[in-house]
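There are 2 protein chains.
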Amino acid sequence: MPTIADVAKLAGLSRATVSRVINNHPYVSEEKKKLVREAMDALNFYPNSSAQKLRSQKTETIAVFVPLLTNPFFAYLLEGIDTVAHDYGYQLLVCQTRYDKEKELNFLRLLKTKQVDGIILTSIENNWEKIKNFTECGPIILCNEYDDQAKIPSVRLDQEYGGYIGTRHFIEKGYTKIAYCRGFCRDQFVSRISAEREVGYKRALSEFGLKNRKEWVFENVSDVESGRQVLRKILLLKDPPTAVFTGSDQVAAGIINEAATCGLRVPEDIAVIGFDNQPIAEITVPPITTIMQPMQEIGQQAGKLLMDVIEKKDQKDVEDILLSLHLIERAST
Amino acid sequence: MPTIADVAKLAGLSRATVSRVINNHPYVSEEKKKLVREAMDALNFYPNSSAQKLRSQKTETIAVFVPLLTNPFFAYLLEGIDTVAHDYGYQLLVCQTRYDKEKELNFLRLLKTKQVDGIILTSIENNWEKIKNFTECGPIILCNEYDDQAKIPSVRLDQEYGGYIGTRHFIEKGYTKIAYCRGFCRDQFVSRISAEREVGYKRALSEFGLKNRKEWVFENVSDVESGRQVLRKILLLKDPPTAVFTGSDQVAAGIINEAATCGLRVPEDIAVIGFDNQPIAEITVPPITTIMQPMQEIGQQAGKLLMDVIEKKDQKDVEDILLSLHLIERAST
DNA sequence: CGTTATCATGAAATCGTTTTCAAAAATTAT
DNA sequence: ATAATTTTTGAAAACGATTTCATGATAACG
Numbered sequence: 001m002p003t004i005a006d007v008a009k010l011a012g013l014s015r016a017t018v019s020r021v022i023n024n025h026p027y028v029s030e031e032k033k034k035l036v037r038e039a040m041d042a043l044n045f046y047p048n049s050s051a052q053k054l055r056s057q058k059t060e061t062i063a064v065f066v067p068l069l070t071n072p073f074f075a076y077l078l079e080g081i082d083t084v085a086h087d088y089g090y091q092l093l094v095c096q097t098r099y100d101k102e103k104e105l106n107f108l109r110l111l112k113t114k115q116v117d118g119i120i121l122t123s124i125e126n127n128w129e130k131i132k133n134f135t136e137c138g139p140i141i142l143c144n145e146y147d148d149q150a151k152i153p154s155v156r157l158d159q160e161y162g163g164y165i166g167t168r169h170f171i172e173k174g175y176t177k178i179a180y181c182r183g184f185c186r187d188q189f190v191s192r193i194s195a196e197r198e199v200g201y202k203r204a205l206s207e208f209g210l211k212n213r214k215e216w217v218f219e220n221v222s223d224v225e226s227g228r229q230v231l232r233k234i235l236l237l238k239d240p241p242t243a244v245f246t247g248s249d250q251v252a253a254g255i256i257n258e259a260a261t262c263g264l265r266v267p268e269d270i271a272v273i274g275f276d277n278q279p280i281a282e283i284t285v286p287p288i289t290t291i292m293q294p295m296q297e298i299g300q301q302a303g304k305l306l307m308d309v310i311e312k313k314d315q316k317d318v319e320d321i322l323l324s325l326h327l328i329e330r331a332s333t
Numbered sequence: 001m002p003t004i005a006d007v008a009k010l011a012g013l014s015r016a017t018v019s020r021v022i023n024n025h026p027y028v029s030e031e032k033k034k035l036v037r038e039a040m041d042a043l044n045f046y047p048n049s050s051a052q053k054l055r056s057q058k059t060e061t062i063a064v065f066v067p068l069l070t071n072p073f074f075a076y077l078l079e080g081i082d083t084v085a086h087d088y089g090y091q092l093l094v095c096q097t098r099y100d101k102e103k104e105l106n107f108l109r110l111l112k113t114k115q116v117d118g119i120i121l122t123s124i125e126n127n128w129e130k131i132k133n134f135t136e137c138g139p140i141i142l143c144n145e146y147d148d149q150a151k152i153p154s155v156r157l158d159q160e161y162g163g164y165i166g167t168r169h170f171i172e173k174g175y176t177k178i179a180y181c182r183g184f185c186r187d188q189f190v191s192r193i194s195a196e197r198e199v200g201y202k203r204a205l206s207e208f209g210l211k212n213r214k215e216w217v218f219e220n221v222s223d224v225e226s227g228r229q230v231l232r233k234i235l236l237l238k239d240p241p242t243a244v245f246t247g248s249d250q251v252a253a254g255i256i257n258e259a260a261t262c263g264l265r266v267p268e269d270i271a272v273i274g275f276d277n278q279p280i281a282e283i284t285v286p287p288i289t290t291i292m293q294p295m296q297e298i299g300q301q302a303g304k305l306l307m308d309v310i311e312k313k314d315q316k317d318v319e320d321i322l323l324s325l326h327l328i329e330r331a332s333t
């Protein structure tokens, strides 16, 4: 592998000049530029990026933490982030935490070892106290998930409102026995998102004088299969709910699917609301009433936010971007 | 940020010794090890990874090329690759090509600039001739997609067989008017996968004396929405097919969804076969008969293959891993 | 024409590690 | 006790770029 020194020698110039050509610095005569380019071509030279990173102290790489790549919601976030990161000339290191504290902590070291210029968290596994230590080592921003204690830039949605409008929609449609599905729950630690939505769910219930029944709240429901399980659990209840508010369209699809298997009609026997508005929401029979989240845009905004934070040091006030949520009514309610 | 020199000074030792401790080299006394560890803790030291990479000439990072992150099939591949890469201590750089030749070529430079130790291609956008140049710069392997000219390690499936058994299944079920959907087609360049499956499709047709009708072959069909479009196009034909062999469960779902919208029954009016056996295949009504591909395993095998190639230089004979494919019958046929 | 600016270039320092290489210390063998 | 190994350490040389800093050449200006 040829180095910059080989190019310099062949071109009859110094390494400095070659470097200037590589980086498009001003003050290099056209004549020498040409010589350098020819030498680079002749040797098939490409600058070693570790050396560049070491010397220039920037990596042009960001890390994105996602719990699971096969969860379409996170795939869409990732896609959104990638779009803008790539526009800014940054690469993407994906860090799949698999809902694991240790993995998350290990990945956070990427910042300490200067392997990435910044991190986007789309989920949080550890207590904020632990993560906080890393914020000094480089920019970390939140995308979708959040934490009250975290005073860092973030892109998020009013999940409480989402929980509220979904539940209210059920009530306005005449449903009074409404269940709620939490997402994946770590040991005594529920994602803020699920928790906030639940607050909205309870607010709507109490606003309309309905009681919150804890046997109608299900945990660890985050994919199609767990949705199916929820329906089976519901069928075992003495006093089953007639509507279920879920945390994703996957879960809703699982419930609808199992309902069909069990000979139940949706929404007559059991109504369902999803979350996200993924393509699958229009595929099921009946299609899913859902709370629409602009998934790709959330990712894009987060990407842009991180780029801004990285490029301009002047970390002005903690920026928080709030995107909006709305209900899309389909036939599952 | 403290450097190894600071640690050395505080511990009263040389940089070399500190480095040895970091890398668990033998021949360091317990006593000095302890001193170094204490100094590292005291200073909150973490080694700069660019410096490590530059000196040791390895990055512990691999790049994975995928056309689109939001396509679940590739998300599963990625997930599989990530599993083993992570086990081997490697990081994952995702390169979304968006079916773009230029982007693919740019990403391939990662190998020349020594930013990654190897690359896994899950799709191919450029002519092999162009990609071939990069194979000298570091290991590149193929995962799922392939090319006859490419003499590099690969993990793949017998797509021709997949096309054949799907089509034969239709025929055995009594369908004779069978359409075929190609995946995303670049300018005069069809993915080998689509092409191979089509060969199998044609083989089955001719084996049973059926004629290949080119108005029944559709192009650029790769997601739910394009599946819907295919169904609309079919309805415009004078002599429409009564069965459609698609390239993914997404496409099949789109067709089924649009059929319902148009008041057609599946499979009575139009039958459909998908590909992959994704969760969505069990969600649609009716559920989708599909050709099962072990998505995560394909990724895992590819990850393992690349790790092997990277770790042992002795690039023994080009390894080719062939996984099997089989049909899962459901109600869409 | 002398005096500043501006442009072009190269030598050498630097980024933060790891890896020789050599030498000193400790251990084992003879 | 001496020779031959084996451990343990540090000085200095990589790794391959970028970034001062200094200097010479040119152009611009009064």
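Residue numbers (the UniProt record's numbering), protein chains in the order written: chain A, 1 to 333; chain B, 1 to 333.
For every residue, glycine included, the Cβ atom is placed at its ideal position computed from N, Cα and C.
{"Item": "Proximity test, Cβ basis, 8 Å: B:T284 and chain A", "Value": "yes"}
{"Item": "Interface positions of the segment 82-113 of chain A facing chain B (Cβ-Cβ less than 7 Å), listed along the chain", "Value": "D82, Q91, L92, L93, V94, Q96, R109, K112 and T113"}
{"Item": "At least 3 beta-carbon pairs within less than 8 Å: the segment 29-45 of chain A vs the segment 77-84 of chain A", "Value": "no"}
{"Item": "Chain B within 8 Å of A:S49, Cβ atoms only", "Value": "yes"}
{"Item": "Coarse secondary structure for B:R330, derived from DSSP in three states", "Value": "coil"}
{"Item": "With 16 other Cβ atoms within 10 Å as the buried cut-off, status of A:Q301", "Value": "buried"}
{"Item": "Endpoints, the beta strand (DSSP E) within which A:V155 is located", "Value": "S154 to L157"}
{"Item": "Segment limits, alpha helix (DSSP H) that includes A:R300", "Value": "Per the sequence shown, residue 300 of chain A should be read as Gln rather than Arg. Note, A:Q300: alpha helix (DSSP H), M295 to E311."}
{"Item": "DSSP state of A:E73 mapped onto helix, strand, coil", "Value": "Here residue 73 of chain A is Phe; the residue named in the question, Glu, does not match the sequence. Note: A:F73 maps to helix in three-state DSSP."}
{"Item": "C-beta neighbour in chain A for B:Q115, strict 8 Å", "Value": "yes"}
{"Item": "Simplified DSSP assignment, three categories, for A:G118", "Value": "strand"}
{"Item": "Interface partners of B:K53 on chain A, CB under 7 Å", "Value": "S50"}
{"Item": "Identity of the residues DSSP links to A:D276 by a beta bridge", "Value": "A:M292"}
{"Item": "Beta bridge counterpart(s) of A:L235 as assigned by DSSP", "Value": "Paired residue(s): none; A:L235 is not in a bridge."}
{"Item": "Among B:N212, B:A85 and B:C137, nearest to B:L108 - alpha-carbon criterion", "Value": "B:C137"}
{"Item": "Through-space distance from A:P153 to A:D6, alpha-carbon basis", "Value": "45 Å"}
{"Item": "Presumed contact (8 Å Cβ cut-off) between B:R182 and B:S194, rounded CB distance", "Value": "4 Å"}
{"Item": "Beta carbon proximity, A:L78 to chain B, threshold 8 Å", "Value": "yes"}
{"Item": "Three-state class that DSSP yields for A:A150 in the structure shown", "Value": "coil"}
{"Item": "Interface partners of B:Y180 on chain A, CB under 9 Å", "Value": "Result: empty, since nearest Cβ-Cβ is about 22 Å, beyond 9 Å."}
{"Item": "Local Cβ density within 10 Å of A:P26, reported as buried at 16 or more and exposed below that", "Value": "exposed"}
{"Item": "Continuous alpha helix (DSSP H) stretch holding B:L108: start and end", "Value": "K101 to K112"}
{"Item": "Cut-off 6 Å between Cβ atoms - residues of its own chain near A:P72, not counting five sequence neighbours on either side", "Value": "Q278"}
{"Item": "Per-residue burial, B:G274 [other beta carbons within 10 Å of its own, 16 or more giving buried]", "Value": "buried"}
{"Item": "Beta-carbon spacing of B:T242, B:V272 below 8 Å", "Value": "no"}
{"Item": "A:D223 vs A:R192 beta-carbon contact at 8 Å", "Value": "no"}
{"Item": "Test: B:N220 CB closer than 8 Å to a CB of chain A", "Value": "no"}
{"Item": "Neighbouring residues, chain B, relative to A:A75 (Cβ below 7 Å)", "Value": "L69, T70 and A75"}
{"Item": "C-alpha distance - B:I310 paired with A:L157, whole-angstrom precision", "Value": "43 Å"}
{"Item": "Contained beta strand (DSSP E) runs [length at least 3] in the segment 208-264 of chain B, N- to C-terminal order", "Value": "243-245"}
{"Item": "Sequence-distant residues of the same chain with beta carbon closer than 7 Å to A:V36, five excluded per side", "Value": "V7, A11, L13, T17, V18 and V21"}
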